Structures are given as C-alpha cells and as structure tokens.
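Just so we're on the same page, this note's numbering is the position in the sequence shown counted from 1, plus 231.
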Amino acid sequence: MSLSNLINIRDIVNILVPFTPESVLMSLARFQGNRVYRNNLHLRNAVYHNIKTCYPGKFSHDTLESVVRQWFIFKHQKELLVFTMSLMRPGRLERVIPIEGLEYLDHALENGRGAVLMGSHLNSIAHFLGIYRLRKMGYDAHAVMPTQDDPFKPSKAGLAIMRMTGEGTLLDQIGAFYAQFNIRPILRSLSGNGVALLLGDGFHSTAFVPVNFMGRKVNFTTGPVAVARISGAALLPTFMVGDSPDQLKMIIGKPLHVTEESGKDHDAAIVQQYASLLQHYVEQYTSGWQHWEFENILDLMERILDTSLQDRLTV
C-alpha cells in the first residue's frame with residue numbers, strides 16, 4: 232500500500248486547520264504554487280503562451296510573468312479552500328464565497344422545474360465552494376461530474392476524518408453525480424426542483440456550436456442548453472470570479488431564454504451570450520481560467536470537433 236493511500240496532503244491540511252492560522256495555510260499554498268511554477272516548465276510555458284497569444288500587447292513581460300505565477304499560486308489556494316470547506320464555520324464560509332444573484336435562482340425555482348447553473352473553467356474548482364454553500368443554505372444543489380472516477384478519493388486517514396466530521400467525501404459534500412452522456416440523473420434532480428451545475432466551456436460533450444470568443448471562431452458545447460430545454464429548467468449563467476482567495480465570488484446571472492421549440496440557430500445564439508460573458512470575466516480575472524493549461528487552447532477549441540469522442544474525454 233502506497234503512502235498516499237494512508238495519508239495525503241489534504242489530510243495533513245485538515246489536521247492542521249484547527250491549530251493553524253488561515254494566513255499560514257494560505258502561505259503554504261502559495262509556497263506550493265511557486266514550487267510548481269518553478270519546476271513545471273512545460274505547464275508554465277503553455278500558460279504563458281496562451282495568455283500572450285490571446286491578449287497580444289496587453290501585458291508587459293514582467294506583468295505577464297506575474298499573471299502566470301499567480302495562475303499557479305491561486306490554483307493551489309483554491310484547492311486549499313475546497314479541501315477545508317467542511318471545517319469552515321458558517322461565517323467563514325460566507326466570507327470565502329459570497330453569492331450574488333440569488334434572486335435569479337429563487338425566482339427560477341418558483342416554477343418547480345429546477346435550475347441549470349451554466350458554470351465555466353474560470354476558477355472551476357471553486358464552483359465546489361459555491362455548491363457546498365448553496366447546499367448549506369438549503370438548496371438541493373449538485374455538481375455534475377464529467378468522469379466516473381472520484382478524483383478526490385480519500386485516503387485511510389481521510390476516511391477517519393470524514394467519520395469525525397460527518398461530512399462524507401468531498402463529492403458527497405457537493406452532491407456530485409456522474410452524468411457523462413446519460414442525462415437521466417440530471418433530469419431526475421431537476422424534476423425535484425434541484426439545482427445542477429454544468430460547465431459550458433468543457434470538452435466532454437458530443438454537440439458543439441461555433442461562436443466568437445477572444446477574436447476567434449471556436450466551439451462551445453450545447454450540453455447545458457439541451458438539458459435546460461429537455462427539462463424545462465431555467466438556464467442561469469454562473470461565474471466564479473476573482474483572482475485571489477479574498478476576492479472569490481459566485482455570480483448567478485439573469486436566465487438565458489431557452490424554449491422547447493428552439494433549434495440549432497437559437498442554441499448558437501444562447502451559447503454566444505454565455506461565451507461573451509465568459510470572455511468578459513476572463514479578461515477581468517485572467518489568472519483564474521483553468522483552460523490556460525492546455526497548449527494552444529484556442530486552436531484546441533477550434534478543432535475539437537475534429538478529435539474523436541474518446542480523445543475529448545481525456546482532455
């Protein structure tokens with residue numbers, strides 16, 4: 232049995248939380264982010280090249296280096312917040328992840344058909360904080376996972392911590408379920424007036440439409456739009472904004488208009504609205520978009536339909 236099966240870094244952090252100031256934990260996450268930034272040249276170059284290509288002339292060399300470094304640091308700080316969210320007191324959780332636009336969600340749920348939160352890879356892992364807080368507030372909120380395997384499978388020590396806190400696994404905490412191409416679990420949740428988080432800029436999909444994004448014509452999935460149409464649920468663009476741990480905020484926007492009769496052209500118009508919103512927020516919070524990690528990201532999004540379904544599932 233490997234050491235990681237017995238105890239992992241998340242367990243160590245959870246053990247430290249009751250005895251360690253938040254500032255110290257954030258400093259440790261910053262140290263880890265800096266370490267990966269220095270040692271992973273391939274990833275660093277991919278992030279640097281993507282941002283420089285998408286925003287030519289926007290950043291000086293030194294500023295761009297700072298944005299790239301922050302991408303690494305912030306990634307580890309967000310993970311720290313997610314891994315320790317079950318240990319946060321209500322006041323701390325509210326400060327870490329304020330939610331704007333709850334009135335749109337409440338109004339959508341009045342119809343009794345549920346709501347689809349159309350999230351993104353802007354601070355993607357931080358969506359778990361938002362879903363966790365919504366669940367604590369009494370919403371039947373769930374994160375839809377793209378893969379069946381648990382990426383956060385607990386170690387032996389982690390299982391012991393779970394028994395003490397009574398919170399379950401991380402996936403339990405966010406009401407996660409797997410629904411790659413079988414949307415029945417999502418529809419069941421929505422039929423009970425649930426809230427389902429789906430990402431609108433992912434690659435794990437069979438249907439895409441071309442839209443304008445960062446000066447290019449690239450492909451975005453129509454999955455969340457299709458789910459909203461089939462279920463009758465409201466479709467709410469939802470973005471996790473911020474580029475530092477003290478600036479995170481979940482913004483739930485006004486519903487995008489989906490009708491049962493809408494066709495491909497209407498889907499493209501809806502996805503274009505979403506893509507324009509995403510572009511706006513990525514420009515504001517550049518170091519938060521996780522997709523910078525993929526080499527030549529806009530090229531990948533442009534040719535995603537030329538790749539096999541199996542290849543898309545491994546991206």
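Glycine included, C-beta positions come from ideal geometry on N, C-alpha and C.
Quick caveat, the model's predicted, so the values are computed rather than measured.
What do you reckon, is the C-beta of residue i under 8 Å from a heavy atom of the ligand NAD?
| i | result |
| --- | --- |
| Val347 | For the structure depicted, the ligand NAD is absent and the ligand set is empty, with no information on it obtainable. |
Determine whether the beta carbon atoms of residue i and residue j lie at a separation below 9 Å.
| i | j | result |
| --- | --- | --- |
| Gly361 | Phe305 | no |
| Ala346 | Leu336 | yes |
| Phe434 | Leu531 | yes |
| Val248 | Thr294 | no |
| Lys480 | Ile356 | no |
| Leu466 | Pro476 | no |
| Leu487 | Tyr505 | yes |
| Tyr409 | Val472 | no |
| Val502 | Val426 | no |
| Gln510 | Met445 | yes |
| Arg364 | Ile328 | yes |
| Leu536 | Asn413 | no |
| Val313 | Phe359 | yes |
| Ala339 | Val375 | no |
| Asp496 | Thr453 | no |
| Gly288 | Phe470 | no |
| Leu508 | Pro468 | yes |
| Ser462 | Leu418 | yes |
| Ala260 | Leu324 | no |
| Asn354 | Lys283 | no |
| Leu244 | Leu256 | First, the residue type needs correcting, since residue 244 is Val and not Leu in the sequence shown. In contact: Val244 and Leu256 (Cβ atoms closer than 9 Å). |
| Asn464 | Ala438 | The question names Asn, but residue 464 in the sequence shown is Ala. Not in contact: Ala464 and Ala438 (Cβ atoms no closer than 9 Å). |
| Leu348 | Ile246 | no |
| Leu421 | Arg344 | yes |
| Val489 | Arg460 | yes |
| Tyr286 | Glu514 | yes |
Per DSSP, which one or two residues make a beta bridge with residue i?
| i | result |
| --- | --- |
| Ile483 | Thr469 |
| Leu547 | What the structure shows of the chain is the stretch from 232 to 546, and residue 547 is not part of that stretch, so it cannot be assessed. |
| Leu429 | Met349 |
| Asn450 | Pro441 |
| Phe408 | Val375 |
| Trp523 | None; Trp523 has no bridge partner. |
Against chain D, with Cβ distances strictly below 9 Å, would residue i count as a contact?
| i | result |
| --- | --- |
| Gly288 | Reference to chain D is not applicable here, since this structure consists of a single protein chain. |
Write down the C-beta distance between residue i and residue j rounded to the nearest angstrom, noting that I regard them as a contact closer than 8 Å.
| i | j | result |
| --- | --- | --- |
| His373 | Leu430 | With a Cβ gap of about 13 Å, His373 and Leu430 do not count as contacting. |
| Val299 | Arg275 | 6 Å |
| Asp371 | Gly322 | Not confirmed; about 23 Å, so no contact. |
| Ile405 | Asp242 | About 19 Å; that fails the 8 Å criterion. |
| Gln301 | Ser518 | 4 Å |
| Asp432 | His352 | 5 Å |
| Glu533 | Arg447 | 6 Å |
(message) In chain order, what are the residue ranges of uninterrupted alpha helix (DSSP H) at least 4 long that sit wholly in the region 325-404?
(response) 333-340, 358-367, 387-396, 401-404
(request) Any chance you could list the alpha helix (DSSP H) runs of at least 4 consecutive residues sitting entirely within the region 247-315, in chain order? (result) 253-270, 272-285, 292-314
(request) Would you check if the region 267-287 and the region 515-527 touch, i.e. whether three or more CB-CB distances between them fall below 8 Å? (result) yes
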